[in-house]
Amino acid sequence: MRRYRSIHFLVIAFIVASFLSSTLAQTLNNSAANSSSAASPVKLALPLKEGSLRFAVVGDTGSGTQKQRDVGEMMVKYHAAFPFEFVLMMGDNLYGSESPRDFETKFSEPYKKLLDDKVKFYATLGNHDLPLQVNYQNFNMNGKEYYRFKKGSVAFYSLNSNYMDKKQVEWLESELSKDTSDWKVCFFHHPPYSSAKKHGSDNQLREVVEPIFVKYGVDVVLSGHDHVYERIKPQQGIYYFVSGAGGQLRAGDVKPSPFVEKAYDSDMHFMLFEVVGDQMYFQTISRTGETVDSGVIARRKK
Amino acid sequence: MRTQKTKLQIDWIRVGGLCLIAFGFAVTLVVAQKIDNPALAPPPVITPAEKAAIQTFETEVKEYVTLRNKVREQAPKLSNNATPEQINAYRKTLEDAMRAARKNARRGDVFKPQVADYIRRTLKTEFQGKDRKDIRDIVFETELQGVVLRVNYPYAQSAELSEMPATLLSKLPQLPKEVRYRFVGRNMLLVDRESNVIIDYMPDALP
């Protein structure tokens, strides 16, 4: 009898041990699979040269949604592989109300890891942004609705396309006329060229700013507003990008257009840039880590 | 010999003339480039009555700005490195203080009838024609849910702000940096840049 009891005990112990070991194995497998899927999306299409200037671009972000956070997390993954110094924001930084809590849920939480890593964000104002955002410490606008800053050989101009008055146009022309930087990049919310159905090209803005860009040798113009990605065929030597789906998406909004080189409207995205001498490399990455566009821009002869 | 000398003189005159034409052309080109930009176009030609109406409007705006800046001096200073809490507190303080300082403000205090008529005429001209479709699209595409037009109260934070077309801004009376024009449907607003409070508005501004 006692012998049978021992056998029973051994059988039960064997079953329990088998169950526990299989559960443990499954857990370990799952965690390995998760970690491999977390690492796999990073596929860099940039040269990652020593001493190069690296930055990211993200637009129309401030929705506070899980998908905005997904984009933020993908930016973190790419930042680990491609340590960019700063991020340009294309406006609509905060949709809806702008309470202190909104600043957290729509900006500082989705990009917390980047902020913790001392990545600086340089914002521009969109049509959903209150002007006092210019005073917000993490937008680095220094109290100004339009401003210039320089990084390495690149001069960046953030403009307020909501209110392009005479003073701003005069400021832009005056600053550009004395700017001897190798590269000149302008960024603002409304796109001078866009094939999206919702808004499309802002022709009246283009009528005002494009002659100035051409005259003073602006190389690249970045904007948002339309919640899609578009790379425009160079216009009078200038490369235009629409990057307006960092927190909002208008799926299927792009319509065929002769001036569009590449478009993407099936998921949200962000962009990476690397400047190496006379070359500016770019890569556009979807929320899930897919590279949707990449290429290189040669500096204009001035 | 004399004929040859005369011919030489004529040639020089021709060269000189051509140079003069080229110089004139170059100057015209430079000047044209400078003033061709629609945002830098000179203000439209106006009648003495319109000039007086604009001057009255500018005086009203200036008085608002003087009062506003006086009120602002008493509010806590807002640094260029502010936290969201500081921004929120500053906006609210300015909004409340201005409402108290302008407690009798009414619609039409700044957009008086004469200047309102002038602005309506200007906007009508600018919105006419097939080539002005872009301007109309920009102004009327703005989503305005939640906007209540009420003098001395803020423009709803949840509503988007209409883009003010640059080509239009150059045609309207110029404003100091503290004050902004804004469209809400066919209405034109005058808004405080920082507090977002509606200073005044004129209905049916747009055709």
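Those protein sequence lines, which keep their order, are chains P and E.
Last residue of the first sequence: 302 (the working numbering), numbering continuous.
Last residue of the second sequence: 1207 (the working numbering), numbering continuous.
C-beta: ideal position from N, C-alpha, C; glycine also.
Quick caveat: nothing in here was measured; it's all calculated off a predicted structure.
### Query
Are any of the Cβ atoms in chain E nearer than 9 angstroms to that of Glu104 of chain P?
Locating residue 104 of chain P in the first sequence gives position 104, where the first residue counts as 1. Chain E has a Cβ within less than 9 angstroms of the Cβ of Glu104 of chain P.
### Query
In chain E, which residues lie with their C-beta within 8 angstroms of the C-beta of His128 of chain P?
Here residue 128 of chain P refers to the residue found at position 128 of the first sequence. Around His128 of chain P, the beta-carbon contacts reaching into chain E at under 8 angstroms are Glu1160, Leu1161.
### Message
Closer than 8 angstroms is the cut-off here; do at least three beta carbon pairs connect the stretch 216-223 of chain P with the stretch 68-78 of chain P?
### Response
Remark: fewer than three beta-carbon pairs, one from each stretch, lie closer than 8 angstroms, so the stretch 216-223 of chain P and the stretch 68-78 of chain P are not flagged as touching.
### Task
For Ile1135 of chain E, return the contacting residues in chain P, with the cut-off set at a CB-CB distance below 7 angstroms.
As a position in the second sequence, residue 1135 of chain E is number 135, starting the count at 1. Going along chain P in sequence order, the residues near Ile1135 of chain E (Cβ under 7 angstroms) are Gln204.
### Message
Could you pull the DSSP bridge partners for Ser108 of chain P from this structure?
### Response
Counted from its first residue, the first sequence places residue 108 of chain P at position 108. For Ser108 of chain P, which the question treats as bridged, DSSP gives no partner whatsoever.
#### Entry: Contact set between the stretch 1073-1091 of chain E and chain P, restricted to residues whose Cβ is under 9 angstroms from the partner
Per Cβ criterion, the list reads Leu1078, Ser1079, Asn1080, Asn1081, Ala1082, Thr1083, Pro1084, Glu1085, Gln1086, Ile1087, Asn1088, Tyr1090, Arg1091.
### Task
Could you say if the stretch 1122-1138 of chain E and the stretch 197-214 of chain P meet the contact criterion of at least three C-beta pairs nearer than 8 angstroms?
Contact between the stretch 1122-1138 of chain E and the stretch 197-214 of chain P is present: three or more C-beta pairs spanning the two stretches fall below 8 angstroms.
### Message
Am I right that Asp129 of chain P and Asp102 of chain P are in contact with their C-beta atoms under 8 angstroms? What's the rounded C-beta distance?
### Response
Indexing the first sequence from 1 puts residue 129 of chain P at position 129. Indexing the first sequence from 1 puts residue 102 of chain P at position 102. Not really, about 11 angstroms apart at Cβ, beyond 8 angstroms.
### Message
Quick check on this structure: which residue in E:Tyr1201, E:Val1197, E:Leu1172, E:Glu1095 has the alpha carbon closest to the alpha carbon of Ala1041 of chain E?
### Response
On the second sequence, residue 1041 of chain E is found 41 positions in, with the first residue counted as 1. It is E:Leu1172.
### Task
Determine the chain E residues that contact Tyr163 of chain P at a beta-carbon separation under 7 angstroms, and present them in chain order.
As a working mapping, residue 163 of chain P is identified with position 163 in the first sequence. Per Cβ cutoff of 7 angstroms: Met1164, Arg1180.
### Query
What is the rounded straight-line gap between the Cα of Phe156 of chain P and the Cα of Leu114 of chain P?
For the purposes of this step, residue 156 of chain P is identified with residue 156 of the first sequence, where counting begins at 1. For the purposes of this step, residue 114 of chain P is identified with residue 114 of the first sequence, where counting begins at 1. Roughly 21 angstroms between the two C-alpha positions.
### Task
Tell me His269 of chain P's beta-bridge partners as DSSP assigns them.
The count along the first sequence starts at 1 and reaches residue 269 of chain P at position 269. DSSP links His269 of chain P through a beta bridge to P:Ser286.
### Message
Can you confirm whether Ile1138 of chain E, when its beta carbon is compared against all beta carbons of chain P, has any partner nearer than 9 angstroms?
### Response
As a working note, residue 1138 of chain E is residue 138 in the second sequence. Taking a beta-carbon distance threshold of 9 angstroms, Ile1138 of chain E counts as an interface residue toward chain P.
### Task
Classify Gln236 of chain P as helix, strand or coil using the three-state DSSP reduction.
Numbered from its first residue, the first sequence carries residue 236 of chain P at position 236. Coil, per DSSP.
### Task
Tell me whether Tyr111 of chain P is buried or exposed, calling it buried when 16 or more other Cβ atoms sit within 10 Å of its Cβ.
As a first step, residue 111 of chain P is located in the first sequence; it is residue number 111 there, counting from the start. Tyr111 of chain P is buried by the Cβ-count criterion.
### Task
State yes or no: is the C-beta of Met74 of chain P nearer than 8 angstroms to some heavy atom of the ligand ADP?
The model on display carries no ligand, and the ligand ADP is accordingly not part of it.
### Task
Report back the beta-carbon spacing between Gln1157 of chain E and Gly96 of chain P to the nearest angstrom; my notes put them in contact at under 8 angstroms.
By 1-based counting over the second sequence, the position of residue 1157 of chain E is 157. By 1-based counting over the first sequence, the position of residue 96 of chain P is 96. With a beta-carbon spacing of about 7 angstroms, Gln1157 of chain E and Gly96 of chain P fall inside the 8 angstroms limit used to define contacts.
### Query
Given a threshold of 16 other Cβ atoms within 10 Å of its Cβ, counted over all protein chains shown, does Thr288 of chain P qualify as buried or as exposed?
On the first sequence, position 288 is the one that residue 288 of chain P refers to. Classification for Thr288 of chain P: exposed.
### Query
Closest to Asn162 of chain P by CA distance: which of P:Gly277, P:Ala80, P:Gly62, P:Pro192 is it?
Stepping through the first sequence from its first residue, residue 162 of chain P is reached at position 162. When only C-alpha atoms are compared, the closest one is P:Pro192.
#### Entry: Where Ser223 of chain P falls: helix, strand or coil (DSSP)
As a working mapping, residue 223 of chain P is identified with position 223 in the first sequence. The answer is strand: DSSP assigns Ser223 of chain P an E or B state.
### Query
With DSSP run on the structure shown, which of helix, strand or coil describes Ile1046 of chain E?
Within the second sequence, the letter at position 46 stands for residue 1046 of chain E. In the three-state scheme derived from DSSP, where H, G and I count as helix and E and B as strand, Ile1046 of chain E is classed as coil.
### Query
Span of the beta strand (DSSP E) holding Arg1180 of chain E?
As a position in the second sequence, residue 1180 of chain E is number 180, starting the count at 1. For Arg1180 of chain E, the enclosing beta strand (DSSP E) covers residues 1179-1184.
### Anticipated Cβ contact below 8 angstroms, Pro47 of chain P with Glu230 of chain P, distance rounded
To locate residue 47 of chain P, count along the first sequence from 1; it is residue 47. To locate residue 230 of chain P, count along the first sequence from 1; it is residue 230. That pair is no contact at about 24 angstroms.
### Proximity to Leu53 of chain P [Cα-Cα], best of P:Tyr146, P:Asp182, P:Tyr264
As a first step, residue 53 of chain P is located in the first sequence; it is residue number 53 there, counting from the start. Per the Cα distances, P:Asp182.
### Query
Which residues in the same chain have their Cβ closer than 7 angstroms to the Cβ of Pro1165 of chain E, if we skip the five residues on either side of it in sequence?
On the second sequence, residue 1165 of chain E is found 165 positions in, with the first residue counted as 1. So the list reads Ile1135, Ile1138, once near-sequence residues are dropped.
### Query
With C-beta atoms as the reference, is Ala1053 of chain E less than 9 angstroms away from Gln1128 of chain E?
Against the second sequence, residue 1053 of chain E aligns to sequence position 53. Against the second sequence, residue 1128 of chain E aligns to sequence position 128. Against a cut-off of 9 angstroms, the Cβ pair of Gln1128 of chain E and Ala1053 of chain E comes out as no contact.
#### Entry: Under 9 angstroms by beta carbon: chain P residues contacting Asn1196 of chain E
Counting from 1 along the second sequence, the entry for residue 1196 of chain E is found at position 196. Neighbours of Asn1196 of chain E on chain P, chain order: Leu130, Pro131, Leu132.
### Query
DSSP state of Lys1133 of chain E, grouped into three classes?
In the second sequence, the residue the question calls residue 1133 of chain E occupies position 133. Residue state, collapsed to three classes: helix.
### Query
Around the C-beta of Glu1143 of chain E, are 16 or more other C-beta atoms found within 10 angstroms, so that it is buried, or is it exposed?
Counting from one through the second sequence, the residue named residue 1143 of chain E turns up at place 143. Within 10 angstroms of the beta-carbon of Glu1143 of chain E lie fewer than 16 other beta-carbons, which makes it exposed.
### Residues bridged to Asp293 of chain P [DSSP beta-bridge criterion]
Taking the first sequence and counting its residues from 1, the one referred to as residue 293 of chain P is at position 293. Under DSSP, Asp293 of chain P takes part in a beta bridge, and its partners are P:Thr284.
### Query
Hey, quick one: how far does the beta strand (DSSP E) through Val119 of chain P stretch, first residue to last?
Here the question's residue 119 of chain P lines up with position 119 in the first sequence. No beta strand (DSSP E) holds Val119 of chain P; DSSP gives it neither H nor E.
### Task
Please confirm if the stretch 285-299 of chain P is in contact with the stretch 256-276 of chain P, defined as three or more CB-CB distances below 8 angstroms between the two stretches.
Enough Cβ pairs lie closer than 8 angstroms, so yes.
### Task
Starting from Tyr157 of chain P, follow the beta strand (DSSP E) in both directions and report where the run begins and ends.
Indexing the first sequence from 1 puts residue 157 of chain P at position 157. Start and end: 154-158.
### Task
Please state whether DSSP places Val57 of chain P in a helix, a strand or coil.
Indexing the first sequence from 1 puts residue 57 of chain P at position 57. Strand, per DSSP.
### Query
Leaving out the 5 sequence neighbours to the left and right, which residues in its chain are closer than 6 angstroms to Tyr1201 of chain E when beta-carbon positions are compared?
Here residue 1201 of chain E refers to the residue found at position 201 when the second sequence is read from its first residue. Apart from sequence neighbours up to five positions away, the residues of its chain that approach Tyr1201 of chain E with a beta-carbon distance below 6 angstroms are Leu1149, Asn1187, Leu1189, ordered along the chain.
#### Entry: Short CB-CB distance (under 9 angstroms) between Leu212 of chain P and chain E
One-based indexing of the first sequence puts residue 212 of chain P at position 212. Per the sequence shown, the amino acid found at residue 212 of chain P is Ile instead of Leu. With 9 angstroms as the cut-off, Ile212 of chain P counts as an interface residue toward chain E.
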